[in-house]
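Undergrad:
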Amino acid sequence: MKAKEYCHIPYIRYLSDEGEALHRLPAWTENSDVLVDYYRSMVIARAGDAKAVALQRTGQMGTYPSALGQEAISTVCCSLLEKEDVLIPYYRDLPGLMKRGIPLSDVLLYWGGDERGSASEAWGKDFPNCVPIATQAGHAAGVATALKVRHQHQVAMVSMGDGATSKGDFTEALNLAGVWQLPIVFIINNNQWAISVPRKIQSGAPTLAQKGVSAGLTSIQVDGNDVIALHEAVNAAIKQARSGKGATVIEAITYRLGDHTTADDASRYRESEELQEAWGREPIKRLRNFLYQRGLWNEEKEQALQKEAAALIDKEVKRYLNTPLPEISDLFDHHYAQMPAQLEKQKQHAIAKAEAMNMGGVHS
Amino acid sequence: MKAKEYCHIPYIRYLSDEGEALHRLPAWTENSDVLVDYYRSMVIARAGDAKAVALQRTGQMGTYPSALGQEAISTVCCSLLEKEDVLIPYYRDLPGLMKRGIPLSDVLLYWGGDERGSASEAWGKDFPNCVPIATQAGHAAGVATALKVRHQHQVAMVSMGDGATSKGDFTEALNLAGVWQLPIVFIINNNQWAISVPRKIQSGAPTLAQKGVSAGLTSIQVDGNDVIALHEAVNAAIKQARSGKGATVIEAITYRLGDHTTADDASRYRESEELQEAWGREPIKRLRNFLYQRGLWNEEKEQALQKEAAALIDKEVKRYLNTPLPEISDLFDHHYAQMPAQLEKQKQHAIAKAEAMNMGGVHS
Amino acid sequence: MNSSVSETVDQSIPKEVSEKLTMVEAVNLALDHAMADDQDVVLLGEDIGVNGGVFRATQGLRDKYGLKRVMDTPLAETLIAGISVGMATQGLKPVAEIQFMGFIFPAMEQLICHAARMRNRTRGRLTCPMVLRAPFGGGIHAPEHHSESTEALLAHIPGLRVVMPSSPVRAYGLLRAAINDPDPVIFLEPKRIYRAVKQDVSYDTAILPLDKCFTLKQGNDVTLISWGAAVKETMEAANTLQEYGASVEVIDVATIKPLDMETILTSVRKTGRCVIIHEACKSFGVGAEISAALAEEALTDLKAPVERVTGYDITMPYYRMEDHYLPKPDDIIKAALKTLSFH
Amino acid sequence: MNSSVSETVDQSIPKEVSEKLTMVEAVNLALDHAMADDQDVVLLGEDIGVNGGVFRATQGLRDKYGLKRVMDTPLAETLIAGISVGMATQGLKPVAEIQFMGFIFPAMEQLICHAARMRNRTRGRLTCPMVLRAPFGGGIHAPEHHSESTEALLAHIPGLRVVMPSSPVRAYGLLRAAINDPDPVIFLEPKRIYRAVKQDVSYDTAILPLDKCFTLKQGNDVTLISWGAAVKETMEAANTLQEYGASVEVIDVATIKPLDMETILTSVRKTGRCVIIHEACKSFGVGAEISAALAEEALTDLKAPVERVTGYDITMPYYRMEDHYLPKPDDIIKAALKTLSFH
Ligand SMILES: Cc1ncc(C[n+]2csc(CCOP(=O)(O)OP(=O)(O)O)c2C)c(N)n1
Ligand SMILES: Cc1ncc(C[n+]2csc(CCOP(=O)(O)OP(=O)(O)O)c2C)c(N)n1
Ligand SMILES: [Mg+2]
Ligand SMILES: [Mg+2]
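Chains as they are written, first to last, in my numbering: chain A, 463 to 826; chain B, 463 to 826; chain C, 22 to 364; chain D, 22 to 364.
(1) Taking all protein chains shown into account, decide if Pro189/D is buried (16 or more other Cβ within 10 angstroms of its Cβ) or exposed.
(2) With DSSP as the reference, label Thr287/D as helix, strand or coil.
(3) Counting along the chain, where does the alpha helix (DSSP H) carrying Ile813/A start and finish?
(4) For the region 521 to 554 of chain B, which residues have a beta carbon sitting closer than 7 Å to at least one beta carbon of chain C?
(5) Flag this pair as touching only if the region 135 to 143 of chain D and the region 85 to 95 of chain D have three or more C-beta atom pairs under 8 Å; answer yes or no.
(6) So if I measure from each beta-carbon to every heavy atom of ligand 4 and keep distances below 7 Å, which residues remain?
(7) Do you know whose CA, among Leu570/B, Thr716/B, Leu753/B and Lys701/B, lies nearest Ala740/B's CA?
(8) Ser312/D CB to nearest chain C CB: under 8 Å?
(9) My understanding is that Arg144/D touches Trp585/B, with C-beta atoms under 8 Å, so please give their C-beta distance in whole angstroms.
(10) As a quick exercise: from Ala267/D, Phe363/D and Ser247/D, pick the residue whose alpha carbon is nearest that of His299/D.
(11) Using 8 Å as the limit for Cβ to Cβ distance, is Leu358/C near chain B?
(12) Just list the residues that DSSP pairs Leu64/C with in beta bridges.
(13) So does Leu96/D have its beta carbon nearer than 7 Å to some heavy atom of ligand 1?
(14) Taking only beta-carbon atoms, is Gly180/D less than 8 Å away from chain B?
(15) Which full runs of the alpha helix (DSSP H) of 4+ residues lie inside the region 620 to 704 of chain B, going along the chain?
(16) In chain order, what residues of the same chain lie with their CB nearer than 6 Å to the CB of Ala314/C, ignoring the 5 residues before and after it?
(17) If we ignore side chains and look at the alpha-carbon of each, how far apart do Ile214/D and Arg191/D end up?
(18) Using the Cβ count rule (16 or more neighbours within 10 Å means buried), how would you classify Tyr265/D?
(19) Let me make sure I understand the geometry here. Which of Met622/A, Ser536/A and Leu543/A has the alpha-carbon closest to that of Arg704/A?
(20) Helix or strand or just coil, what does DSSP make of Gly829/B?
(21) Under the three-state reduction of DSSP, which class applies to His54/D: helix, strand or coil?
(22) Measuring from the CB of Phe124/D, is there a heavy atom of ligand 1 at a distance below 7 Å?
(23) What's the gap between the Cα of Gly579/A and the Cα of Gly579/B?
(24) Run the proximity test for Thr527/A: is its beta-carbon closer than 7 Å to any non-hydrogen atom belonging to ligand 1?
(25) Hey, how far is the Cα of Asp84/D from the Cα of Glu733/A?
(26) Pull out every residue of the region 121 to 136 of chain C whose Cβ sits closer than 7 Å to any Cβ of chain A, in chain order.
(27) Suppose you measure from the CA of Asp59/C to the CA of Ala698/A; what does that come to, to the nearest Å?
(28) Is Ile595/A close to ligand 5? I mean its beta-carbon at under 7 Å from any heavy atom of the ligand.
(29) Going by C-alpha to C-alpha distance, which of Tyr340/C, Ile353/C, Asp351/C and Ala356/C sits closest to Ile161/C?
(30) Where Leu566/A and Ala695/A are concerned, what is the direct C-alpha to C-alpha distance, given to the nearest angstrom?
(31) Please list, in chain order, all residues of the same chain as Val647/B whose beta carbon is under 8 Å from its beta carbon, the five residues on each side excluded.
(32) DSSP three-state label for Pro230/D, please.
(33) Determine whether the Cβ of Glu283/D lies closer than 8 Å to any Cβ atom of chain B.
(34) Counting only runs that start and end within the region 483 to 550 of chain B, where is the alpha helix (DSSP H) found for 4 or more residues in a row?
(35) Would you list, in sequence order, the uninterrupted alpha helix (DSSP H) runs of no fewer than 4 residues that lie entirely inside the region 757 to 783 of chain B?
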């Protein structure tokens with residue numbers, strides 16, 4: 463008897479690839495504000511994301527991992543969080559970060575090689591970007607533990623890629639979430655690729671959601687390009703967590719329409735047909751179609767939105783590009799609350815050296 | 463929808479606690495040799511195990527983790543392996559090691575603080591004892607990969623405790639086994655405790671077997687005190703692996719009748735009632751009852767067996783106790799095939815120091 | 022007392038009574054008092070609850086402070102470090118136990134990539150006031166992997182503090198300081214001397230400064246530098262050397278990261294001779310940094326080469342032969358005499 | 022050629038033709054030749070197959086040697102190290118890639134507890150002939166965690182070898198030697214100079230000895246000691262110093278564990294002056310061991326304190342400011358002039 467035969471994971475979907483309702487929609491969709499907001503947020507995020515890629519291509523920013531095609535997941539997840547909840551994002555969450563109120567310029571600063579991109583107050587208690595894959599799953603479990611210990615009713619939401627589900631940190635965190643009934647929402651952004659490694663050679667499990675089963679968690683799959691399905695799944699998961707009923711694993715199925723990062727060239731390892739096909743399922747066009755059908759969107763609104771996005775991005779890019787280099791002392795001052803004596807000496811050395819050489823930094 | 467509602471793990475059992483057949487037994491049990499051999503092996507192992515504890519108690523050996531009550535798992539698993547298969551054991555596998563033909567004295571030497579306990583030819587390509595929990599799961603995956611790369615038809619068998627299933631190494635190995643279809647048999651010796659941590663606070667999953675589900679593996683539970691159930695499960699798993707059909711996770715339910723190790727005092731954290739109850743399910747008595755019922759065993763045979771065990775153990779203990787200390791050079795000679803120059807100097811220093819101080823070692 | 026959630030002090034603390042305690046009992050008392058003083062202090066680790074830890078360092082604390090503040094974790098060191106980071110960023114002060122230092126390696130990614138960096142990478146927005154305790158070192162006839170001393174790996178990491186006590190009073194004072202500290206501290210407990218001596222320890226016992234060496238004995242002819250359990254043999258050697266007529270200074274480094282080179286340099290500038298003693302392997306050990314810094318910064322003051330008395334560059338032998346690995350008072354005496362007779 | 026399974030040599034190897042190759046191309050060629058020479062050599066890691074590795078070190082090898090010998094693993098570094106140990110014990114020679122050294126930490130438990138110890142704990146019954154490759158170091162404007170130099174952590178571990186090349190020819194020769202070696206080798210590739218220069222490399226390029234320093238330049242006044250990418254700045258500094266009239270000896274340590282102290286001592290005994298250059302943090306870095314050993318074993322030969330030119334004791338800054346962290350030729354020159362003017 464094979465595992466697949468005795469494990470069933472539900473899959474949620476409401477909209478067809480063309481944005482048509484596949485079955486009765488949930489009541490909240492009657493109120494169009496939410497859906498329009500999702501649409502607006504995704505469009506702005508996609509424009510910001512494209513700008514980030516362009517900045518890299520023009521030598522004005524470092525390596526950047528585009529969220530192209532995956533905007534729905536991050537957008538819906540972060541829309542449904544309360545400000546006091548804690549987000550533990552991964553590196554492909556630009557749309558969600560913007561939704562959390564974090565300035566695009568912060569995110570550009572981060573990828574522009576400046577620690578101050580994770581420093582502003584806008585971040586609240588949210589975590590900075592996480593590069594070492596799956597390590598953030600442990601952080602989420604710790605955040606959730608803190609919330610639980612203090613009888614607070616916030617939730618921790620953590621996201622990661624399909625590749626991240628192979629790393630032990632992830633399953634250790636799932637296991638803890640199960641046994642301590644932690645208020646966590648685990649979001650697996652399954653974009654089918656981990657750099658060049660396709661989903662099917664990442665794991666032999668028919669779904670990644672079922673990794674949650676191994677920890678006794680509620681585990682579901684959802685169409686990650688369908689904001690309605692996402693809203694349903696994430697909302698239920700947040701409610702469950704907030705009411706003390708434990709964590710949920712949501713595998714959101716999407717597709718990485720871009721390269722892994724600007725340092726990658728996906729044409730080396732993936733078929734262009736697959737990519738073309740995936741474009742037919744992407745979330746923004748799908749929701750636009752839906753909104754058009756319902757008469758909630760039109761060309762005029764679209765034009766205005768594009769303009770609004772451009773203006774916002776322009777402002778943020780300027781702020782990014784005009785951010786002066788940090789002081790040399792900044793490199794030393796944040797390692798300890800109390801500066802060790804020897805480090806102070808090294809700091810003075812670095813300052814003197816920079817002064818002597820009149821050294822600048824990158825893009826200054 | 464909770465995970466337990468959509469995941470079903472089969473549970474195999476043939477013998478009641480009292481050793482009565484609960485349903486029709488498999489055909490192979492008609493041939494009594496196998497069952498009698500299991501019985502004999504378990505009895506000898508238990509005597510050897512008790513001796514190891516006694517050696518520790520009398521200051522003649524270091525810390526030792528008794529396999530008391532868990533003899534069936536290790537015994538059946540290793541009986542069904544071929545010599546050329548590779549065993550990657552954990553520290554509570556004395557019965558299986560003996561079944562593999564590894565002298566008891568080797569195992570005593572290991573726990574007696576002597577590396578040579580893992581060195582003898584009897585070990586073949588089997589792994590030495592593994593202390594860092596769950597790390598052996600990765601080794602098993604590597605061994606199985608080697609077998610597969612070379613088109614060999616052996617299998618890798620790896621065992622571990624219930625606690626080990628919480629460590630990420632374990633799930634990383636499961637995942638690989640799934641995606642590479644590796645010839646592995648994963649044995650979870652679920653003895654209900656990981657030192658003082660009971661099973662229920664180790665994981666929120668209703669079974670530990672379902673961790674295999676997260677990797678798409680065949681996953682079952684079996685009564686780990688029932689040699690017939692074990693035989694069925696392990697045999698099927700080995701066959702599946704050997705024929706290239708991939709790995710199985712077997713969660714064998716048993717109970718740790720002793721302390722965690724001789725350094726532990728389980729009465730600090732577990733109820734004596736639970737322990738008493740567990741004695742009612744232990745594997746040796748159960749099989750003896752069965753054999754008696756079928757007329758395959760009697761008092762006379764039992765007496766002879768006890769004598770035989772005592773003689774064997776006596777011989778092995780003597781060999782252990784009479785093993786002289788290694789040479790000082792031994793501490794240095796096995797770090798590299800080619801001794802680095804500086805290490806050679808340190809070796810000469812150690813030798814000179816030992817000669818000067820006429821230093822001995824422990825129990826010499 | 023750095024309490025952000027509550028100012029209540031548990032009335033059960035016997036503020037006045039001072040008791041003769043072993044080091045592991047002093048650790049227990051420090052945890053107890055830290056938890057009483059600050060509701061944000063929580064403990065976590067394997068077997069630390071009902072069992073009170075395999076060395077009993079957390080004994081009684083679960084009964085006193087409850088399940089929510091004394092948490093038995095599943096068996097997963099990566100997780101233990103990871104959730105500590107998560108908790109600490111939200112304002113708790115987790116004190117995690119790694120059962121033996123030999124099992125700290127799965128925690129390395131979290132310690133190096135996150136705990137050590139959280140303050141720097143958020144420019145202080147999030148911090149990581151966590152303590153990771155682990156018993157370490159050999160000499161108790163423990164099984165394989167239970168006798169490691171790999172403090173050098175942690176000492177190399179910017180953003181970490183690495184602290185090890187060598188007496189009950191210092192265990193109490195340094196652990197309280199480590200818990201109060203707003204940054205991550207690896208607190209390594211030399212288990213070989215967990216029960217070696219007893220000292221008076223109470224709520225009034227001083228909270229000691231981190232980042233400072235302790236001069237245990239003053240002298241003019243040679244400086245012996247050590248930390249952890251090896252301080253025991255170092256003091257024995259110092260006493261014997263004293264009998265031979267040498268005036269010996271003994272320094273317990275106590276915090277090896279960041280190093281208090283000032284105290285060490287001042288001493289060696291005075292004595293001109295130095296022996297460094299540690300149990301870890303010699304090469305690339307903590308002794309190397311101290312020896313290098315001395316020769317670099319006080320070359321002309323050195324009357325003799327610095328000597329290192331350390332473990333060999335081999336894996337800790339299983340226990341039958343571990344005595345051949347561990348530095349002995351005689352080794353220290355020999356090295357000291359060698360430096361003393363160097364011209 | 023250490024082949025236990027097969028003696029076949031792939032005919033496609035252009036034995037005579039020597040090509041100008043970059044370091045990463047030399048790595049690729051070494052892997053290719055090792056695989057052709059020995060069927061037991063297999064490659065594994067993340068994205069090493071179709072993609073040929075994120076730096077293209079394994080490009081073309083999957084097509085040439087097939088899926089069974091060039092294995093894309095799931096994303097799990099603990100696993101990569103663990104299965105390498107498992108394979109190696111059964112006689113394969115796995116060459117694993119860790120995508121960046123910043124992601125090596127999950128592998129530490131396997132490297133320290135198993136790879137390094139397998140031979141010793143079985144007294145040679147099982148061995149661990151594996152190579153773990155990882156690109157390391159800064160200076161390429163990479164994202165966070167992609168520019169680390171933590172070689173000191175590995176150098177402290179008995180049973181490991183730690184090797185880093187500093188030129189295409191040495192990359193080829195040392196990697197072939199590492200793969201041939203019957204013990205575990207951590208092979209760190211300085212990615213900043215992956216494509217810095219080209220050299221003639223072919224099947225006839227020498228397999229170089231491990232555990233040996235390379236003297237890149239002979240001189241009498243001062244010894245500059247370095248490894249990895251910093252050898253580039255070190256050579257630049259040496260050339261400038263030479264113009265100033267100093268006679269400079271340059272040593273590329275190449276194998277930092279175990280250290281070839283003989284070559285280093287011989288050189289410094291001759292010059293009396295020494296500067297050690299590395300990119301990793303200063304404190305408890307590899308430079309500390311070399312500096313300490315020099316002062317301990319050649320104190321009276323030292324005409325000046327040993328100087329260390331290194332990274333600061335801080336986390337590698339994100340890339341905008343990483344230049345302030347990295348040692349520059351000027352720093353080396355200054356340090357050398359300081360030792361040269363010391364009296
Ligand atoms: C521990 C670790 N190993 C390797 C890497 C290098 N790396 C960065 S992203 C990536 C693939 C991640 O894939 P996935 O989890 O599917 O997320 P995606 O990028 O597709 O969103 C890898 C291997 C890393 N960052 N951390
Ligand atoms: C990585 C690691 N962490 C901690 C330990 C200490 N330790 C030894 S055995 C054990 C409990 C293991 O329980 P389980 O896996 O259920 O096996 P059992 O001993 O019950 O057979 C612990 C925590 C260890 N050996 N390795
Ligand atoms: Mg992905
Ligand atoms: Mg158990």
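Note that the Cβ used here is the ideal one computed from N, Cα and C, for glycine as well.
TA: According to the structure data:
(1) Translated into the one-based positions of the fourth sequence, residue 189/D becomes position 168. So Pro189/D counts as buried.
(2) If you number the fourth sequence from 1, residue 287/D lands on position 266. It is helical.
(3) Here residue 813/A corresponds to residue number 351 of the first sequence, with the count starting at 1. Segment Ala803 to Met819, the alpha helix (DSSP H) holding Ile813/A.
(4) Gly524 and Thr525
(5) no
(6) Gly623/B, Asp624/B, Gly625/B, Asn651/B, Asn652/B, Asn653/B, Gln654/B, Trp655/B, Ala656/B and Arg718/B
(7) Your numbering for residue 740/B matches position 278 in the second sequence. Nearest option by C-alpha distance: Thr716/B.
(8) Along the fourth sequence, read from residue 1 onward, the residue named residue 312/D stands at position 291. It does; some Cβ of chain C falls within 8 Å.
(9) As a working mapping, residue 144/D is identified with position 123 in the fourth sequence. As a working mapping, residue 585/B is identified with position 123 in the second sequence. Beta-carbon to beta-carbon, Arg144/D and Trp585/B are separated by about 11 Å, too far to satisfy the 8 Å threshold.
(10) Residue numbering aside, residue 299/D sits at position 278 when the fourth sequence is read from its first letter. Ranked by Cα distance from His299/D, the options Ala267/D, Phe363/D and Ser247/D are led by Ser247/D.
(11) The residue given as residue 358/C occupies position 337 in the third sequence. Taking Cβ atoms only, chain B never reaches closer than 8 Å to Leu358/C, which makes this a no.
(12) Translated into the one-based positions of the third sequence, residue 64/C becomes position 43. Its beta-bridge partners are Val91/C and Val116/C.
(13) The residue given as residue 96/D occupies position 75 in the fourth sequence. Correct: Leu96/D has its Cβ closer than 7 Å to ligand 1.
(14) Looking up residue 180/D in the fourth sequence gives position 159. Answer yes: the Cβ-Cβ gap between Gly180/D and chain B drops below 8 Å somewhere.
(15) 630 to 642 and 689 to 704
(16) Stepping through the third sequence from its first residue, residue 314/C is reached at position 293. Answer for Ala314/C: Met282, listed in chain order.
(17) Counting from 1 along the fourth sequence, the entry for residue 214/D is found at position 193. Counting from 1 along the fourth sequence, the entry for residue 191/D is found at position 170. C-alpha separation (whole angstroms): 12 Å.
(18) The residue labelled residue 265/D in the question sits at position 244 within the fourth sequence. That one is exposed.
(19) Residue mapping note: residue 704/A aligns to position 242 of the first sequence, counting from 1. Per the Cα distances, Leu543/A.
(20) Only positions 463 to 826 of chain B appear in the structure, and residue 829/B is not among them; the question remains open.
(21) For the purposes of this step, residue 54/D is identified with residue 33 of the fourth sequence, where counting begins at 1. Residue state for His54/D is assigned as helix, using DSSP reduced to three classes.
(22) To locate residue 124/D, count along the fourth sequence from 1; it is residue 103. Yes; taking the cut-off as 7 Å, the Cβ of Phe124/D has a heavy atom of ligand 1 nearer than that.
(23) Residue 579/A sits at position 117 when you count from the first residue of the first sequence. Residue 579/B sits at position 117 when you count from the first residue of the second sequence. Cα to Cα, the separation comes out at about 56 Å.
(24) As a first step, residue 527/A is located in the first sequence; it is residue number 65 there, counting from the start. As written in the sequence, residue 527/A is Pro, which differs from the Thr given in the question. Correct: Pro527/A has its Cβ closer than 7 Å to ligand 1.
(25) Numbered from 1 along the fourth sequence, position 63 holds the residue referred to as residue 84/D. Numbered from 1 along the first sequence, position 271 holds the residue referred to as residue 733/A. The alpha-carbon separation between Asp84/D and Glu733/A amounts to approximately 17 Å.
(26) Glu130, Gln131, Cys134 and His135
(27) Taking the first residue of the third sequence as position 1, residue 59/C is located at position 38. Taking the first residue of the first sequence as position 1, residue 698/A is located at position 236. Their backbone Cα atoms lie some 36 Å apart in a straight line.
(28) Questions concerning ligand 5 fall outside what the structure shown contains, since the ligands it does hold are ligand 1, ligand 2, ligand 3 and ligand 4.
(29) What you label residue 161/C is simply residue 140 of the third sequence in a count that begins at 1. It is Tyr340/C whose Cα lies nearest to the Cα of Ile161/C.
(30) The count along the first sequence starts at 1 and reaches residue 566/A at position 104. The count along the first sequence starts at 1 and reaches residue 695/A at position 233. Distance between the alpha carbons of Leu566/A and Ala695/A is about 27 Å.
(31) Taking the second sequence and counting its residues from 1, the one referred to as residue 647/B is at position 185. Only Cys539, Val617, Ala618, Met619, Val620, Val696, Ala699, Ile700, Ala703, Ala709, Thr710 and Ile712 meet the Cβ criterion.
(32) Sequence index remark: in the fourth sequence, residue 230/D carries index 209 (1-based). Coil.
(33) Start at 1 with the first residue of the fourth sequence, and residue 283/D comes out as number 262. Cβ-Cβ to chain B under 8 Å: yes for Glu283/D.
(34) 494 to 519 and 533 to 542
(35) For the region 757 to 783 of chain B, whole alpha helix (DSSP H) runs of length 4 or above, ordered along the chain, are 761 to 783.
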